[in-house]
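Enquirer: My numbering runs 12 ahead of the 1-based position in the sequence shown.
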Amino acid sequence: MTLRIGNASGFYGDRFSAVREMLTGGPLDVLTGDYLAELTMLILGRDRLKDASRGYAKTFLRQLEENLGLAQEKGVKIVTNAGGLNPAGLADAIRDLAAKLGLDIAVAHVEGDELLPSAERLGLGKPLTANAYLGAWGIAECLKAGADVVVTGRVTDASLVVGPAAAHYGWRRDDYDRLAGAVVAGHVLECGAQATGGNYAFFTEHDLGTPGFPIAEIEADGSSVITKHPVTGGAVTVGTVTAQLLYEIAGPRYAGPDVTTRFDTVALEQTGPDRVRISGAKGEPPPPKLKVCLNTLGGFRNETTFVLTGLDIDAKAALVREQLERSLKDHPPAEIRWTLARTDREDADTEQGASALLRCAVKDQDPKVAGRAFSGAAIELALASYPGFHVTAPPSDASPYGVYTASYVDASEVHHTAVLPKGDRVEIPHSEQTLELSDVEGPALPEPYTGPTRRAPLGAVVGARSGDKGGDANLGVWVRSEEQWRWLANTLTVEEFRRLLPETAELPVKRYALPNLYALNFVVTGLLGEGVASQARFDPQAKALGEWLRARHAEVPA
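(1) List the residues that DSSP assigns as beta-bridge partners of K89.
(2) In chain order, what residues of the same chain have a beta carbon less than 8 angstroms from the beta carbon of L395, not counting five sequence neighbours either side?
(3) Hey, would you say L201 sits closer than 7 angstroms to V173, going by beta carbons?
(4) Ordered along the chain, which non-local residues of its own chain (more than five positions away) have a Cβ less than 7 angstroms from that of G471?
(5) Could you check the C-alpha separation between G388 and H427 for me, to the nearest Å?
(6) Under 6 angstroms Cβ to Cβ from G37, same chain only, skipping five residues before and after it: list those, please.
(7) Return the residue from the list D186, R437, E281, N486 that minimises the CA-CA distance to T476.
(8) Rounded to whole angstroms, how far is the Cβ of I238 from the Cβ of V288, which I believe are closer than 8 angstroms?
(9) Going by DSSP, what residues sit across from S367 in a beta bridge?
(10) Classify T5 as buried or exposed, calling it buried when 16 or more other Cβ atoms lie within 10 Å of its own Cβ.
(11) On a Cα-Cα basis, can you pick out the residue from K375, P129, C305 that is closest to G311?
(12) Apart from the five residues just before and just after G224, which ones in its own chain have a Cβ nearer than 8 angstroms to its Cβ?
(13) In terms of DSSP beta bridges, what is D376 paired with?
(14) Any idea which residues DSSP pairs T208 with across the strands?
(15) Return the bridge partner residues of W490 from the DSSP annotation.
(16) Tell me which same chain residues have a C-beta within less than 8 angstroms of the C-beta of T317, skipping the five on either side of it?
(17) Starting from Q256, follow the alpha helix (DSSP H) in both directions and report where the run begins and ends.
(18) In angstroms with no decimal places, state the Cα-to-Cα distance between T277 and H180.
(19) Looking at the strands, I want to know which residues DSSP matches up with I290.
(20) Would you kindly check if the distance between the Cβ of Y47 and the Cβ of A9 is under 7 angstroms?
(21) Whole-angstrom Cβ separation of T537 and L519, contact assumed at under 8 angstroms?
(22) Alpha carbons only, please: which of E229, T283, A390 is nearest the one belonging to T249?
(23) Considering Cα atoms alone, identify which of A192, T92, L532, D59 is closest to T141.
(24) Verify whether the separation of the beta carbon atoms of T52 and Y24 is less than 7 angstroms.
(25) By how many angstroms is the C-alpha of G454 removed from the C-alpha of D270?
(26) Should S235 and S291 be called a contact, given that it needs their Cβ atoms to be closer than 7 angstroms?
(27) Who are the near neighbours of L82 in its chain, counting only those whose CB is closer than 6 angstroms to its CB and skipping five residues on each side?
(28) Our contact map puts P433 next to F386 with C-beta atoms below 8 angstroms; I'd like the distance itself, whole angstroms only.
(29) Output yes or no for whether 7 angstroms exceeds the beta carbon distance between N502 and L457.
(30) Take E363 as the anchor and find which of L54, T321, S397 has the nearest alpha-carbon.
(31) Taking 7 angstroms as the limit between beta carbons, can you name the residues of its chain near I440, skipping five residues before and five after?
(32) So does the region 415 to 422 actually touch the region 292 to 310, counting three or more Cβ pairs closer than 8 angstroms?
(33) Give the secondary structure of C305 by DSSP, where H, G and I count as helix, E and B as strand, and everything else as coil.
(34) Considering only DSSP beta bridges, list what N143 is partnered with.
(35) Quick check on the DSSP output: the beta strand (DSSP E) that includes G18 runs from which residue to which?
(36) Report yes or no: do three or more beta-carbon pairs, one from the region 114 to 124 and one from the region 158 to 169, lie closer than 8 angstroms?
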């Protein structure tokens with residue numbers, strides 16, 4: 013029998029009402045929620061510093077207050093990584109909530125991802141958080157033991173879908189193709205409404221409204237249909253699913269703790285309104301090492317944004333920069349970064365339209381150096397600098413920032429454990445078969461496009477979706493016909509990519525081709541510095557990097 017798995021959260025802070033919407037909108041077997049991102053782990057780590065009993069996503073517990081009874085009534089299992097750094101604590105809180113509501117709910121949790129106590133021994137330094145990405149088999153064990161709610165810490169996002177599918181169909185550890193199919197479905201579901209038209213390049217083609225959250229109808233062979241509840245906003249099309257498949261990936265081999273999924277084997281087919289079938293996924297044994305998410309406190313940061321209005325914008329920027337840096341020379345911050353956004357227009361009919369923004373961001377290990385010593389020095393220039401001087405905010409103290417890094421440890425160092433509803437602890441073995449990760453040989457290019465072209469924004473033809481992986485950015489692009497693919501594959505080279513996005517010109521850029529999706533994926537190393545929490549650049553998660561590329565002009569098929 014087909015397993016229907018829905019998603020109700022793509023990040024910590026997603027639509028609060030989505031849990032109820034998914035439970036009342038139509039039939040479901042399992043409801044998942046993804047609350048963890050690299051930045052979220054840092055936030056939860058700082059929460060835990062203040063109170064050791066915290067460290068989980070409190071929002072999820074509030075959502076259950078009004079929906080736990082409804083889920084039981086509907087017979088829907090709930091699987092979530094909202095446990096964050098304290099899955100046992102969240103599991104206990106859910107039991108207390110169930111008792112308060114008079115509900116008989118079996119709660120289980122998965123632990124073992126926490127590596128902080130052994131971080132130094134494993135060569136991971138002294139981080140604030142250190143969590144290995146666990147796989148799906150702990151979740152499966154909890155469900156097979158009768159759990160109604162399964163709480164995890166740091167598992168791969170797709171494991172929230174793979175675990176229920178493996179438990180439902182009784183898959184084996186070496187059913188790699190089936191597992192890979194479920195990984196693809198999980199990757200599509202993990203970011204919620206991004207699969208149903210949210211953040212979609214061709215958004216003007218659909219009535220987005222308030223998009224429904226996605227559902228995967230998973231079959232015993234691992235294939236699936238992506239859909240959504242009826243009478244909800246958004247759309248599920250080959251395009252929206254392609255966009256999400258390209259989100260935050262690298263090469264065709266997508267590594268996980270249970271299986272390495274070959275994204276170059278995935279086929280998509282529109283089988284009806286809001287129904288896209290995913291098939292053909294091939295899987296390989298996983299790598300022998302597990303990825304580890306490390307967060308450390310990097311120091312303190314602050315910023316001031318100067319408003320420059322009217323004429324001589326460049327000269328005004330140069331003046332205030334020279335003045336501020338001179339005033340900081342006795343105690344200069346360790347890092348000073350200036351960016352000028354030329355938002356001004358010539359002969360503008362509003363003052364805002366005539367203004368540019370000059371941002372000065374600083375970092376230092378000393379909160380005093382990055383704090384009022386900096387922001388106060390900026391404000392002291394108010395009557396002694398360029399004409400029209402003003403800033404967007406008053407002087408402020410420095411705030412701490414985090415640094416994300418990824419590391420890897422042998423799977424044998426991680427004790428993946430399922431804690432069943434009655435308290436029994438089951439050690440989950442790691443995969444006996446492993447395969448070192450390697451790049452796939454690039455496919456042969458198609459015959460070049462020979463039709464007429466015209467100069468226009470790339471986005472007239474190309475869709476894009478971009479995101480972050482620590483300090484790196486990925487930017488996936490796709491087109492929608494064989495003819496357009498012949499043009500894209502032969503035209504958008506790494507050299508052309510660097511020309512169109514000058515910020516990437518001096519950085520390592522890799523291009524991966526996915527002909528089955530008419531898609532290319534570019535990975536830019538180091539674009540985001542030390543990751544989103546360090547706020548190294550405008551758009552620190554590279555969410556709009558793809559839209560910048562689409563706005564660039566080139567010769568595109570007429």
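Idealized CB from N, CA, C, for every residue including glycine. Values in this document were obtained by computation on a predicted structure and should not be read as measured data.
Expert: Working from what's here:
(1) V42
(2) F401
(3) yes
(4) A213, R562, A563
(5) 50 angstroms
(6) H241
(7) Correcting the residue type first, residue 476 is Ala in the shown sequence and not Thr. Nearest of D186, R437, E281, N486 to A476, Cα basis: N486.
(8) 5 angstroms
(9) T321
(10) This structure does not reach residue 5, given that the chain is present from 13 up to 570, and the question cannot be answered.
(11) K375
(12) E33, G37, A205, T208, K240, H241, T244, G245, G246
(13) F312
(14) Bridge partners of T208: none, in fact.
(15) G475, A531
(16) L369, L370, R371, C372, V403, T404, A405
(17) 250 to 257
(18) 24 angstroms
(19) S236, L280
(20) Past the boundaries of the shown model lies residue 9; the chain is included only from 13 to 570, so the question cannot be answered.
(21) 6 angstroms
(22) T283
(23) D59
(24) yes
(25) 25 angstroms
(26) yes
(27) L35
(28) Going by Cβ atoms, the distance from P433 to F386 rounds to 54 angstroms, so no, they are not a contact pair.
(29) yes
(30) T321
(31) W149, G150, E153, H428, T429, A430
(32) yes
(33) strand
(34) E126, C305
(35) 15 to 19
(36) yes
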